[in-house]
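Participant: Residue numbers (our numbering): 3 to 831.
Note that the Cβ used here is the ideal one computed from N, Cα and C, for glycine as well.
Can you keep this structure in mind? I'll have questions shortly.
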Amino acid sequence: FFLSQENTIFFLLFSVNLLDSRTVMGDLGWIAYPKNGWEEIGEVDENYAPIHTYQVCKVMEQNQNNWLLTSWISNEGASRIFIELKFTLRDCNSLPGGLGTCKETFNMYYFESDDEDGRNIKENQYIKIDTIAADESFTELDLGDRVMKLNTEVRDVGPLTKKGFYLAFQDVGACIALVSVRVYYKKCPSVIRNLARFPDTITGADSSQLLEVSGVCINHSVTEEAPKMHCSAEGEWLVPIGKCLCKAGYEEKNNTCQAPSPVSTVKKGKITKNSISLSWQEPDRPNGIILEYEIKYFEKDQETSYTIIKSKETAITADGLKPGSAYVFQIRARTAAGYGGFSRRFEFETSPVSVAASSDQSQIPIIVVSVTVGVILLAVVIGFLLSGSCCDHGCGWASSLRAVAYPSLTWRCGYSKAKQDPEEEKMHFHNGHIKLPGVRTYVDPHTYEDPNQAVHEFAKEIEASCITIERVIGAGEFGEVCSGRLKLQGKREFPVAIKTLKVGYTEKQRRDFLGEASIMGQFDHPNIIHLEGVVTKSKPVMIVTEYMENGSLDTFLKKNDGQFTVIQLVGMLRGIASGMKYLSDMGYVHRDLAARNILINSNLVCKVSDFGLSRVLEDDPEAAYTTRGGKIPIRWTAPEAIAFRKFTSASDVWSYGIVMWEVMSYGERPYWEMTNQDVIKAVEEGYRLPSPMDCPAALYQLMLDCWQKDRNSRPKFDEIVSMLDKLIRNPSSLKTLVNASSRVSNLLVEHSPVGSGAYRSVGEWLEAIKMGRYTEIFMENGYSSMDAVAQVTLEDLRRLGVTLVGHQKKIMNSLQEMKVQLVNGMVPL
């Protein structure tokens, strides 16, 4: 029932949301009266994004009068607002025995108020907007189908005279589910016409009213005839009247006056075999203050691969060039109004290398080729002599070649070809690429001799001029991560995330950086981060992806501790599992599935990300356990992958179980402050993470299934998706929680999340778990010793004034851990 992305962007140009219940995280703050009337139910939409749903179905009872009151809604100065309702309603004919009392309509009211605390008034003070009826109702036969037709009704209210209002929905005996409520007003958006700027204008109170708006001439322009436009009630500008003209000395270009004329004179300076220095004069008509110059250059006849340099001076030196080669240069100036046109092409040539040096250099390729051929021949001979057993990425001669190329490493095989797993038997090699029969398969970009070929095969090249970088939002392994906007031809501008490759990169860093794009470009799924394209033909080199407003899942959960319903959390987990099923079906093993590598957008849709082949795992030097093959994220990795580097979809399932634990504990660090060696030892001995607080038993059992030591006993991702779908369709199955005794029996009893050892005082304990703010409250209420603290219950915490759910969980988890250690004689209280 959502608009397509393109339609949504177009629609939002003319309307502004005051309320959208689908996008509100946490409690809406609505009130039901009486309390046993309207009931809030956690649901997910067709894309498994969590939504608020209110339901009531008292059709068998006489004289129903159930009210649902919204919180106060500011009208932001609008005098006419619109209410869009999406709902389902049951056909009374499908309710045997209820025909005498059943209704198929409900009522909508509003009450204007300047007071945010003014909704508790009498029913007769609310003004009726309309009686709402359904175009389509559902019957008992439709209940088995999860996706039912939604009714959409829009009503408008006006003129409004106060700062805000409340909405109310009255049920008088219908069986109804209110799926979403969106309140908005319409406006004519800010625009420039005929060199005049017209501001954002809220539409009038009447549906036929036209508002006359005066425009203001843009910089460096003057009024010829007073510019005016009319804003319609639908948020559309009508034909402009009057206009502005650019001042003398300024030219009109793209609806602006300031753009400078092109640079006309360029002189060459010092030239070496690897660099060319240039200088130039300011444009004849700068039309304003020159802010900077942009210099574009490329090797002659190689125009598709160019470099951009920006300079505030009228001189630059381009280095890193090839000896004895011709280069083409073009320069343009930028003022506050934007860039002018590029200059004509200026061609200069670097100095050639000396004859002696050239002669010496000519011998190098011959030597390199000779050595390479010798190594390959030796590897092939050794390969035929060996048994042909397989290791991680190749068999026979490939393993021998690795042994020759890296003699200091010992390459071991965990099994013979005759004992391959069923997963591996499905794999075939075709032109050096792994293929799975019957499905689209992932192609490892490292199998390409030329990495650039893989990038251009799987990723679209984007012109740098189409990208606007707005701000830095983080740092990646290879450079900065920025947010910005992308404007492609024929499409509207939209937000994107941009990874940049830092200056001074090596060829290997460039290859690894673009390798992630070569991987990402092969995936197309709503729960996998989408690659828009790459910039490789100019600097900086960039990877452009869709923008995820809420960032990484672990950070997002920590910021919103305790703010979501269980069904919302399960919706997030379902999205992650769906993305992993897609990757598994393609034959791709992620190896680093963790909440930090899941991104989440404003609709709470989770998407799997981080497909880099060389990952920086964490700043903590203990966060990765180094083996012969590289670094491993211990806390998220299956035992067989740690011990034998055996990475499969089954090891990704283990990691998914850890992600489930992270989500249900709102971003808690797995295994807390235990060292990696302690984690390895504990897991090998059969210990597993305890259930998070208030976790449904069905979810914790799924976690334990994912953590089966025998990888063949773990569920497949398609089974996980199916299981989560069943839980979502039956929310009552999530009401049974893991009880306290089960939590204790499953704890990692030899380790404490806040560090081992006894606490000398209540204050020391609270400070250790970063809850020191409650020390005075505990002491004032008689909890002055650790013995007394050990008896604290959740109700006691609430009575003490610890009302934040996240703080309650942190304190109760710490107490549970200490009790377990006490049982094992480790911590004297």
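Which of helix, strand or coil does DSSP assign to residue 317?
Facilitator: Strand, per DSSP.
Participant: In this structure, how does DSSP classify residue 239 when only helix, strand and coil are distinguished?
Facilitator: strand
Participant: Using a Cβ-Cβ cutoff of less than 7 Å, which residues in the same chain neighbour residue 201 once the five nearest sequence positions on both sides are dropped?
Facilitator: Correct list, in chain order: 192.
Participant: Just how far apart, CA to CA, sit residue 727 and residue 575?
Facilitator: 10 Å
Participant: Are residue 329 and residue 302 close, meaning C-beta to C-beta below 8 Å?
Facilitator: yes
Participant: Along the chain, where does the beta strand (DSSP E) containing residue 168 start, and where does it finish?
Facilitator: 166-173
Participant: Return the CA-CA distance between residue 715 and residue 655, expressed in angstroms with no decimal places.
Facilitator: 11 Å
Participant: Which residues mark the beginning and the end of the beta strand (DSSP E) in which residue 335 is found?
Facilitator: Its beta strand (DSSP E) spans residues 328-337.
Participant: Could you check how far apart the C-beta atoms of residue 269 and residue 344 are, in whole angstroms? I think they sit under 8 Å.
Facilitator: In fact, because the Cβ distance is near 17 Å, the residues do not count as touching under 8 Å.
Participant: Taking three-plus beta-carbon pairs below 8 Å as touching, is the segment 489-499 in contact with the segment 565-572?
Facilitator: Here the segment 489-499 makes no contact with the segment 565-572; the two share fewer than three CB pairs at distances below 8 Å.
Participant: Using the C-alpha atoms, what's the distance from residue 512 back to residue 359?
Facilitator: Residue confidence for residue 359 is low, a pLDDT of 44 falling below 50, so the modelled location carries little weight; the figure read from the coordinates is stated next. Going by the C-alpha atoms only, they are around 29 Å apart.
Participant: When you compare only the Cα positions, how much space is there between residue 163 and residue 81?
Facilitator: 7 Å
Participant: Any idea if residue 787 is buried or exposed, counting beta-carbon neighbours within 10 angstroms, 16 or more meaning buried?
Facilitator: Burial check for residue 787: the Cβ neighbour count within 10 Å stays below 16, so the residue is exposed.
Participant: Going by beta carbon distance, what residues of the same chain come within less than 6 Å of residue 562, once the five residues before and after it are set aside?
Facilitator: none
Participant: Which one of 232, 579, 197 has the shortest CA to CA distance from residue 213?
Facilitator: 232
Participant: Between the segment 209-229 and the segment 273-280, do three or more beta carbon pairs fall short of 8 Å?
Facilitator: no
Participant: Where do the N-terminal and C-terminal ends of the alpha helix (DSSP H) with residue 708 fall, by residue?
Facilitator: 699-708
Participant: First and last residue of the beta strand (DSSP E) that includes residue 132?
Facilitator: 129-135
Participant: If I measure Cβ to Cβ from residue 577 and keep anything under 7 Å in the same chain, skipping five residues before and after, which residues do I get?
Facilitator: 50, 529, 607, 608
Participant: Any idea which residues DSSP pairs residue 308 with across the strands?
Facilitator: Paired residues: none, contrary to the question.
Participant: What span of residues does the alpha helix (DSSP H) with residue 512 cover, start to end?
Facilitator: 509-522
Participant: To the nearest angstrom, how far is it from the Cα of residue 304 to the Cα of residue 221?
Facilitator: 40 Å
Participant: Kindly indicate which three-state DSSP category residue 771 falls into: helix, strand or coil?
Facilitator: In the three-state reduction of the DSSP assignment, residue 771 falls in the coil class.
Participant: If you follow the beta strand (DSSP E) that residue 581 is part of, which residue opens it and which one closes it?
Facilitator: Run containing residue 581: none in the beta strand (DSSP E); it sits in the alpha helix (DSSP H), 568-587.
Participant: The alpha helix (DSSP H) with residue 790 in it runs from where to where?
Facilitator: It spans 788-791 - the alpha helix (DSSP H) in which residue 790 sits, taken as one unbroken run.
Participant: Specify, as a first and last residue, the run of the alpha helix (DSSP H) that residue 641 falls within.
Facilitator: Run containing residue 641: 641-646, per the alpha helix (DSSP H) assignment.
Participant: Going by DSSP, what residues sit across from residue 155 in a beta bridge?
Facilitator: 87
Participant: Give the DSSP bridge partners of residue 216, in chain order.
Facilitator: 230
Participant: Around the C-beta of residue 176, are 16 or more other C-beta atoms found within 10 angstroms, so that it is buried, or is it exposed?
Facilitator: buried
Participant: So, for residue 527: in the same chain, excluding its five sequence neighbours on each side, which residues have a beta-carbon less than 7 Å away from its beta-carbon?
Facilitator: 581, 584
Participant: Between which two residues does the alpha helix (DSSP H) harbouring residue 658 extend?
Facilitator: 651-666
Participant: Beta-carbon separation of residue 189 and residue 18 under 8 Å?
Facilitator: Closer than 8 Å, so yes.
Participant: If contacts are defined as beta-carbon pairs under 8 Å, then residue 837 and residue 664 qualify, I think. What distance do you get, rounded to the angstrom?
Facilitator: This structure cannot speak to residue 837, because the chain is shown only from 3 to 831.
Participant: What residue range is occupied by the uninterrupted alpha helix (DSSP H) comprising residue 547?
Facilitator: It is not in any alpha helix (DSSP H) - residue 547 instead sits in the beta strand (DSSP E) that spans 544-548.
Participant: Would you identify the three-state DSSP class for residue 57, choosing helix, strand or coil?
Facilitator: strand
Participant: Beta-carbon within less than 7 Å of residue 422's beta-carbon, same chain only, minus the 5 sequence neighbours each way: which residues are those?
Facilitator: Its pLDDT being 33, under 50, residue 422 is placed unreliably in this model, and the value from its coordinates should be taken loosely. For residue 422, where only same-chain residues beyond five positions count, there are no Cβ hits under 7 Å.
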